[in-house]
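**Q** The sequence shown maps to residues 1 to 551 in this note's numbering.
Take a look at this one; I'll ask things after.
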Amino acid sequence: MKNNQLSFLFFFILAVFLFPSSAYSQKSKDSIHRLYQAIVSPNSTSNIPQGINFYTLKKDVDLKRKDTLAAVMDLRLIAMGQFKIGNIYDSENAVVEALSLIESYPQKDTVIEGRKALYNQLGQIYRESNNYDKALETYNLSLEYSRSLSDSITIINNKANVYKDLGNYEKAAENLALAYKKIEVSADSLKLAMVLDNLGIVQSKLGNPNALSNLNRALQIRESKNDLSKTYSSYKNLALYFFDINNEKQAQLFANKAYQAATKLNSITYLQDALSLFVSMNADPKIVQFKKITDSIAKAKQLAENKNAFIKYNVENERKNTMAAQLLQEKEKGQKVLYMILGIFTLIMAIFIILLLRTKHKKEKIRQVYNTEARISKKVHDEVANDLYHVMVKIQGNTSANDEVLDDIENIYNKTRDISKENSAVELSEDFTEQLSDLLLSYKNQQTTVITQNISKMNWKAVSDIKKITVYRILKELMTNMSKHSQASLVALSFSQTNSKINITYSDNGVGCQIKNKNGLLNAENRIQTLNGTIIFESKPNEGFKAKITL
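Structure representation (structure tokens):
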């Protein structure tokens, strides 16, 4: 009873969240309690289906809400109700579903009580279907999860009932003695009455003189507690006890008391059982034969129903196993696809990383080239050019020095200065548009006009430093080549930008050249190719010179 009260309390708390605010009304509370009691303590089996329907609907709601604990409680009540109306297969199915939910629940330690109750229910199912080995097995499992003395006593008592059904009264008495020993430290008198009643029955079969004493003691406790359903059991067992020892008068007395209790309980099940008791105690050979035949037919029918139920159960299990196998195949197929995708992704990432490293390495090499050029430029300026300048000063101070020698030295100095200037570091911290414009316009003189188009519209901030340096160096080489060789009077440069690409068109009206003989333009071409860019030259003698740069 304690477990039932806790179960109802647990359910009632959940029901508050399931139903709208009107559920707080007394009428709704009474309805919930009535549906709960229809399963736990039914006045009639006709009320049980209503409770089963309610908890079946509630289970579906709880599963949608992902409330596993509530769904397990619903299934426990469904299993209990189905068992009481004789639907063995449906009861077992509900237990199995509840155990499956528990297995998938992450915090299994919190549902130990549920496991204990479900295995105990499963034991009752197997006992009812005469599958005694499975009944004992599941009772033992239930006992493993038992955490209270009261629960342990109930389960041990249930095991004793199985041994009693098997006719193994010694084993039954052994289990009941263990239960009795445990109950000595318990204050639960109804549990004590249950154990004493069953112990009395077993002892009567073994010819133990303490049998009647234990049966009477159990009856006294039950009568004092006004537990009519349990009192009925005591009356029935005493009637059978006296019938076995051929005390017909006492047997009829307790059989009548059992019938009266069944009438007060207003239960067809109890009335049927009480009337069956009178039949079993009738000495008429024909009635005895009728009783045996009736029991035999009922047992055969039960076995047939169980067989059909278990066939149905096995078919359902086979279907589930087939579905599980198909799901496993799909899972394995999915894993293969996943591994393939991961492999392709890994390959793509590897290629990407290799390209990234190559690009990084290439940029690093370009940076090193620029740094080397800048260092050489500085060294040429600081050492060679300065030394030449000092030599020129000394020679100028010597009146005997040849003017032609002085001119040659001055030319060498100018070339050295030009080399230093051409390869000097580019200051990127400045405004690059202005810096590039200054470079191009520095080649403008009385003989040559330099025109630039859209240079101010370029977004140089979006361009990497290496690209800017490359653009600067290439244009410098083109302009230097123009001033030295082309004799151009007009130079035009057009700039455009497409996403991350820079497009520059250079053209002059100089004397042109043979493209095969690129001379100083090889450096420009090499710089462009290093950054995966392109430079296309167009020129013929006396037809000017063009260059299209994409970077």
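Ideal Cβ placement from N, Cα and C applies to all residues, glycine included.
In this structure, what does DSSP give as the bridge partners for residue 107?
**A** Per DSSP, none; premise fails for residue 107.
**Q** Have a look at residue 205 and residue 229 and give me their C-alpha separation to the nearest angstrom.
**A** Approximately 24 angstroms, taken between the alpha carbons.
**Q** Can you give, in chain order, each stretch of the alpha helix (DSSP H) that sits fully within the segment 170-217 and has at least 4 residues?
**A** Fully enclosed alpha helix (DSSP H) runs of 4 or longer: 189-206.
**Q** Please go through the same chain and pick out, in chain order, the residues whose beta-carbon is closer than 6 angstroms to the beta-carbon of residue 507, but skip the five residues on each side of it.
**A** Excluding residues within five positions, the ones whose Cβ falls inside 6 angstroms are 492 and 546.
**Q** Going by C-alpha to C-alpha distance, which of 511, 182, 180 and 500 sits closest to residue 532?
**A** Closest option to residue 532, Cα to Cα, is 500.
**Q** Please state whether the Cβ-Cβ distance between residue 180 and residue 159 is less than 7 angstroms.
**A** Going by C-beta atoms, residue 180 is not nearer than 7 angstroms to residue 159.
**Q** So residue 176 and residue 199 are supposed to be a Cβ contact under 8 angstroms. How far apart are they, rounded?
**A** Confirmed, about 4 angstroms.
**Q** Would residue 561 pass as a contact of residue 196 if the rule is Cβ separation under 7 angstroms?
**A** Limits of the chain in this structure are 1 at one end and 551 at the other, which puts residue 561 out of reach.
**Q** In this structure, how does DSSP classify residue 449 when only helix, strand and coil are distinguished?
**A** Reduced to three states, the DSSP call for residue 449 is strand.
**Q** Helix, strand or coil, according to DSSP, for residue 487 in the structure here?
**A** Three-state result, residue 487: coil.
**Q** Starting from the C-beta of residue 77, find all residues in its chain whose C-beta is less than 6 angstroms away, skip the five residues before and the five after it, and write them out in chain order.
**A** Same-chain partners within the cutoff: 39 and 55.
**Q** Does the segment 96-113 touch the segment 123-139, meaning 3 or more C-beta pairs lie closer than 8 angstroms?
**A** With a cut-off of 8 angstroms, the segment 96-113 and the segment 123-139 do not count as touching, because too few Cβ pairs lie within range.
**Q** Do residue 120 and residue 155 have their beta-carbon atoms positioned less than 7 angstroms apart in this structure?
**A** Going by C-beta atoms, residue 155 is nearer than 7 angstroms to residue 120.
**Q** How should residue 349 be labelled, buried or exposed, when 16 other C-beta atoms within 10 angstroms of its C-beta is the threshold for buried?
**A** Residue 349 is exposed by the Cβ-count criterion.
**Q** Take residue 462 as the anchor and find which of 46, 536 and 502 has the nearest alpha-carbon.
**A** Selected option, being the one with the closest Cα: 502.
**Q** Is the separation between the beta-carbon of residue 479 and that of residue 488 shorter than 7 angstroms?
**A** No.
**Q** Per DSSP, what kind of secondary structure is residue 341 in: helix, strand or coil?
**A** Residue 341: helix per DSSP, three-state reduction.
**Q** Taking the straight line between their C-alpha atoms, what separation do you get for residue 148 and residue 178?
**A** Cα-Cα distance, rounded: 15 angstroms.
**Q** Using DSSP with H/G/I as helix, E/B as strand and the rest coil, what is residue 273?
**A** It is helical.
**Q** Consult DSSP for residue 142 and reduce its assignment to one of helix, strand or coil.
**A** Note: residue 142 maps to helix in three-state DSSP.
**Q** Throw me the rounded Cβ distance for the residue 475 and residue 440 pair, which I believe falls under 8 angstroms.
**A** Correct: roughly 7 angstroms between the Cβ atoms.
**Q** Quick check: what's the CA-CA separation for residue 453 versus residue 437?
**A** Spanning the two alpha carbons is a distance of roughly 11 angstroms.
**Q** Can you tell which of 85, 86, 61 and 84 has the C-alpha that lies nearest to the C-alpha of residue 571?
**A** It is not possible to answer for residue 571, since the shown part of the chain is limited to 1 through 551.
**Q** Looking only at its own chain, which residues have a Cβ that is under 7 angstroms from the Cβ of residue 223, when we skip the five neighbours before and after it?
**A** These residues qualify, in order along the chain: 231.
**Q** Tell me, please, which residues DSSP counts as bridged to residue 229.
**A** In DSSP, residue 229 forms no bridge with anything.
**Q** Can you grab the Cα-Cα spacing for the pair residue 542 / residue 468, in whole Å?
**A** Taking the straight line from one Cα to the other gives about 32 angstroms.
**Q** Among the residues of its own chain, which have a CB less than 7 angstroms from the CB of residue 116, if the five just before and after it don't count?
**A** Hits under 7 angstroms: 142, 145, 146 and 151.
**Q** Is the separation between the beta-carbon of residue 221 and that of residue 193 shorter than 7 angstroms?
**A** Contact flag set, yes.
**Q** Identify which residue in 188, 153 and 202 has its Cα closest to the Cα of residue 167.
**A** For residue 167, the nearest C-alpha among the options comes from 202.
**Q** Identify whether residue 36 lies in helix, strand or coil by the three-state DSSP scheme.
**A** Note: residue 36 maps to helix in three-state DSSP.
**Q** My output table needs one value for residue 477: the three-state DSSP class, helix, strand or coil.
**A** DSSP places residue 477 in helix when its eight states are reduced to three.
**Q** Can you give the Cα-Cα distance for residue 254 and residue 100, rounded to whole angstroms?
**A** Rounded to the nearest angstrom, the two C-alpha atoms are 46 angstroms apart.
**Q** Return the chain-ordered list of same chain residues with a C-beta closer than 7 angstroms to the C-beta of residue 227, the five sequence neighbours on each side being excluded.
**A** These residues qualify, in order along the chain: 190.
**Q** Are the beta-carbon atoms belonging to residue 281 and residue 243 less than 7 angstroms from one another?
**A** Contact flag set, yes.
**Q** Could you round the C-beta distance between residue 239 and residue 277 to whole angstroms and report it? I think they count as a contact, below 8 angstroms.
**A** Right, the Cβ-Cβ distance comes to about 6 angstroms (below 8 angstroms), so this counts as a contact.
**Q** Would you give the residue range spanned by the alpha helix (DSSP H) that residue 248 belongs to?
**A** 248-265 is the span of the alpha helix (DSSP H), which, as asked, contains residue 248.
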